[in-house]
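Add 1 to a position in the sequence shown, counting from 1, and you land on the number used in our numbering.
The beta-carbon is built from N, C-alpha and C at its ideal position, and this holds for glycine as well.
Take a look at the structure set out below.
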Amino acid sequence: MAARGRSSTKAGGGGARRAGDGADVVRDERDRLRAIVDAAVDGIIAIDVDGTILELNPAAEKIFGYQAEELLGKNVKVLMPKPFRDEHDAYVERYLKTGERRIIGIGREVHGRRKDGSVFPHYLAVAEATVGGKRVFTGIIRDLGRLREAEERARQAEQLAALSTITAGIAHDVGTPMTTILGYAELLERSAPDDKSRERAHHIVDQVRRVTDLLQTLLNIARPRRAEPEPIGVADVLDHSVDFFREKLKGRGVVVERNYRARPMVVADRDRLEQVFLNLIVNAADAMPSGGTLSVRLEDPDGDRVEIAIEDTGVGIEPRDLDRIFDAFYTTKERGKGTGLGLLVSQRIVREHGGTLRVQSEVGRGTCFTITLPNSQGRSDSANPIGS
Numbered sequence: 002m003a004a005r006g007r008s009s010t011k012a013g014g015g016g017a018r019r020a021g022d023g024a025d026v027v028r029d030e031r032d033r034l035r036a037i038v039d040a041a042v043d044g045i046i047a048i049d050v051d052g053t054i055l056e057l058n059p060a061a062e063k064i065f066g067y068q069a070e071e072l073l074g075k076n077v078k079v080l081m082p083k084p085f086r087d088e089h090d091a092y093v094e095r096y097l098k099t100g101e102r103r104i105i106g107i108g109r110e111v112h113g114r115r116k117d118g119s120v121f122p123h124y125l126a127v128a129e130a131t132v133g134g135k136r137v138f139t140g141i142i143r144d145l146g147r148l149r150e151a152e153e154r155a156r157q158a159e160q161l162a163a164l165s166t167i168t169a170g171i172a173h174d175v176g177t178p179m180t181t182i183l184g185y186a187e188l189l190e191r192s193a194p195d196d197k198s199r200e201r202a203h204h205i206v207d208q209v210r211r212v213t214d215l216l217q218t219l220l221n222i223a224r225p226r227r228a229e230p231e232p233i234g235v236a237d238v239l240d241h242s243v244d245f246f247r248e249k250l251k252g253r254g255v256v257v258e259r260n261y262r263a264r265p266m267v268v269a270d271r272d273r274l275e276q277v278f279l280n281l282i283v284n285a286a287d288a289m290p291s292g293g294t295l296s297v298r299l300e301d302p303d304g305d306r307v308e309i310a311i312e313d314t315g316v317g318i319e320p321r322d323l324d325r326i327f328d329a330f331y332t333t334k335e336r337g338k339g340t341g342l343g344l345l346v347s348q349r350i351v352r353e354h355g356g357t358l359r360v361q362s363e364v365g366r367g368t369c370f371t372i373t374l375p376n377s378q379g380r381s382d383s384a385n386p387i388g389s
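Right under this line is the structure:
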């Protein structure tokens with residue numbers, strides 16, 4: 002990478018002028034190279050053999066979330082998660098001794114660590130050069146996070162397209178006879194001669210209603226209604242959603258903690274946003290069959306976005322399941338207690354509102370879903386926490 006610096010010349014004879022002309026050429030070449038590096042969309046970081054960061058371009062700052070002054074002079078391992086961080090020194094030492102290459106001159110997919118602690122995939126290619134008699138390694142970093150997100154959206158779009166294709170047929174071929182069965186089952190329940198017969202008929206009614214609810218969910222996915230966005234107070238929708246399950250939560254021994262550090266406004270479809278909150282709250286309740294704490298947090302960390310966190314102290318989600326919980330028909334609940342569509346629908350609604358839905362979980366300690374939405378310009382001045 003080009004070094005920052007300036008050259009100067011003194012007035013004098015032709016030799017001095019020629020020297021000055023040469024310095025100008027060098028300076029121009031450095032400025033040109035600097036402009037190219039600064040304009041690159043890929044991150045570029047130069048380090049020495051000890052891993053000390055010597056230079057980085059604006060793209061690298063953006064990718065990792067740091068300002069240049071926060072990284073210059075620091076060890077590059079600050080940008081690496083485990084196990085890459087632990088392997089770095091040994092790899093460099095082995096390369097310097099044996100010339101064995103794994104990345105240098107080859108490139109491969111690795112993972113980086115941003116300032117906020119998040120880990121993301123990126124493609125890393127490293128070149129080696131000698132500058133001023135010292136070895137310098139220059140890494141080119143291409144963030145693969147957005148590419149992976151685009152691939153995931155395409156995969157989910159294919160799933161939803163498949164659902165749309167089969168839903169119309171299912172709704173007619175299954176829905177119509179189910180309506181008839183439900184009518185007769187309810188008649189049997191009302192006219193049952195004894196409690197045992199009434200209980201059996203009631204069980205039939207429950208199961209038929211479960212099937213019809215599933216059909217309706219499929220229809221909602223395949224033919225979502227037109228959104229009706231309007232400015233709404235997020236705290237109000239959260240309160241309404243929590244209060245809707247107040248008795249269920251209380252009956253399970255779940256304590257609700259609300260912490261609203263702000264009371265922001267968002268432009269959203271109130272009913273659909275409430276659908277997301279209700280789904281996450283009922284999932285949290287189901288994860289705490291023996292009681293626990295449901296934390297509902299609301300803040301606007303930078304004024305541009307709103308963050309809503311719904312966290313439980315339940316059983317948690319196994320690491321192998323985390324990558325699949327947003328897949329259609331995938332559920333970690335007991336058979337018969339979940340359709341495997343709630344989180345898929347919730348993620349779709351959040352994305353339609355220009356937001357993101359993230360999950361963090363630890364087995365035995367609980368799960369936290371975080372919704373991020375764009376903050377609208379108008380919002381309440383009140384920022385008092387609300388307790389249950």
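| query | result |
| --- | --- |
| Boundaries of the alpha helix (DSSP H) in which E94 is found, first to last residue | F85 to T99 |
| Same chain, Cβ closer than 6 Å to I326, five either side skipped, listed in chain order | L344 |
| Spatial distance of E110 from D144 (CA atoms) | 10 Å |
| Cutoff 8 Å; reference D305; Cβ partners in own chain excluding five residues on either side | P375 and N376 |
| Touch test, the stretch 172-192 against the stretch 344-363, Cβ-Cβ under 8 Å, three pairs minimum | no |
| G113 - containing beta strand (DSSP E), residue span | R109 to R114 |
| Distance between V360 and L323 (C-alpha atoms, nearest Å) | 8 Å |
| Minimum C-alpha distance to T294 - residue among I282, D303 and A269 | I282 |
| Option nearest L250 by Cα separation, candidates G292, R271 and R259 | G292 |
| Span of the beta strand (DSSP E), counted from its first residue to its last, around P232 | E231 to G234 |
| Short Cβ contact (8 Å threshold) for E300 with A263 | yes |
| Within 8 Å, strictly: CB atoms of I141 and I45 | yes |
| Identity of the residue in G254, I233 and D49 nearest G133 by Cα | D49 |
| Segments of 4+ residues assigned as alpha helix (DSSP H) that fall wholly inside the stretch 247-323 | 247-252, 271-287 and 320-323 |
| R28 versus R35 - alpha carbon distance | 10 Å |
| Short Cβ contact (8 Å threshold) for G113 with H89 | no |
| Beta-ladder partner(s) of E363, from DSSP | G367 |
| Helix, strand or coil at I326 [DSSP, three-state] | coil |
| Rounded straight-line distance, which links the Cα of T213 to that of L183 | 9 Å |
| Closest Cα partner of K116 within the set Y67, V42 and G365 | Y67 |
| Continuous beta strand (DSSP E) stretch holding I45: start and end | G44 to D49 |
| G140 - containing beta strand (DSSP E), residue span | K135 to D144 |
| Spatial distance of M81 from G367 (CA atoms) | 27 Å |
| Three-state class that DSSP yields for P59 in the structure shown | helix |
| Opening and closing residue of the alpha helix (DSSP H) in which L344 lies | G343 to E353 |
| Residue environment, V94, which counts as buried when at least 16 other CB atoms sit within 10 Å | Looking at the sequence provided, one finds Glu at residue 94 rather than Val. Under this definition E94 is an exposed residue. |
| Rounded C-alpha distance that separates F370 from I311 | 5 Å |
| The alpha helix (DSSP H) enclosing Y185, as first and last residue numbers | G176 to S192 |
| Per-residue burial, H204 [other beta carbons within 10 Å of its own, 16 or more giving buried] | exposed |
| Burial state of Y261 (16 or more Cβ within 10 Å) | buried |
| Separation of V346 from Q217, as counted between CA atoms | 12 Å |
| CB-CB length for R321 against M289, believed under 8 Å | 22 Å between Cβ atoms; not a contact. |
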